[in-house]
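Heads up, the sequence shown is in full-length UniProt numbering, so the first residue is 1 and it goes up one at a time. Working notes, beginning with the structure itself.
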Amino acid sequence: MQNEIKRSRYPLNLQLFAEEDTEPDKTFTQADLDRIVADRLARDRKGREDYDDIKTKLTALEQAEAERTKAEMTATERLEAEKADALKRAQEAEDRNASVLTAANKRLINAEFKTAARDANIPAERLAAALKLADTDAVTVDEDGNVSGLADVITALIAEHPYLADTEGGKSRQIGGDTNGGSRKPGTDGLSTREKLSAGYASK
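This is the structure:
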C-alpha cells in the first residue's frame, strides 16, 4: 500500500524524456568568423611583438653588461684590449692583401713564363703543358713587378723535357738521324784533345 502511494507521489513522465531536443544548432555569420580570425591573428601578432620586445631588451642588457665590464677595467687593461683588437684587425687585413698579392704575382709569373718560353723556342701549342711541368716556386717578383729566376726554370725544364722545345725551326727531328743541323762531324781519330774541343767534341 505504501509503495503505491510513493509511486503516485512522483509520477514519471516518459513523454518528457522521449521528446527530442528542439534547440537549434548554433550558427556563425561571416562577421562572426571574421571576428574570430581577427582575434586569433591579434593574439599571434601580440606574441611576436612580445618576443621582439624581449629580444630587444636582452640585446640592451648585453650591451649594458659589456659597457659595465669595460668601465670596470683599468686603463692599462683597456689599452691592452684595444691594442689586441687593433692587431687582430691589422692581421686580417694583411692576410687579405697577401692573398690578393700572391694571386697577382702568380698571374704575372705565368705571363712572363709564356713570353720567355716562346723565346726559348717552345711553340705556342706547348706553352700550357710547359707551364704545368715547370717548377716556378723559386721565381720571385720584386716590389717593382720585375720577375726573376725564370731563365733557370726554363733551362731546367727543357733539359728535363727536351721534346717541348722546337730546336729544328719548326721541322720535325728525324729519329735516329743527325742531331747537329744534318751534318756529321768527321772522325776524331788522330785528333788531339784540344782539336777535339775546337771541333765541338766533348773530351772523354
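Beta carbons: idealized from backbone N, C-alpha and C, even for Gly.
Counting C-beta pairs closer than 8 Å gives three or more between the segment 104–120 and the segment 138–148, which meets the contact rule. In the structure shown, THR140 adopts extended strand secondary structure according to DSSP, grouped into three states. Contact between ASN121 and ASP166 holds, since their C-beta atoms are separated by about 5 Å, short of 8 Å. Between VAL153 and THR140, the gap from beta carbon to beta carbon reaches 8 Å or more. Secondary-structure assignment with DSSP links SER148 through a beta bridge to THR140. Here LEU164 really is in contact with ALA130; their C-beta atoms are around 5 Å apart, less than 8 Å. In this structure ALA117 is buried. Its beta-carbon is surrounded by 16 or more other beta-carbon atoms within 10 angstroms. Collapsing the DSSP output to three states places PRO123 in coil.
Every alpha helix (DSSP H) stretch that sits fully inside the segment 62–133 and reaches 4 residues is listed by chain position as 75–119, 127–133. A residue is called buried when at least 16 other Cβ atoms come within 10 angstroms of its Cβ; ILE54 does not meet this threshold and is exposed. Around the C-beta of LEU58, fewer than 16 other C-beta atoms lie within 10 Å, and the residue is accordingly described as exposed.
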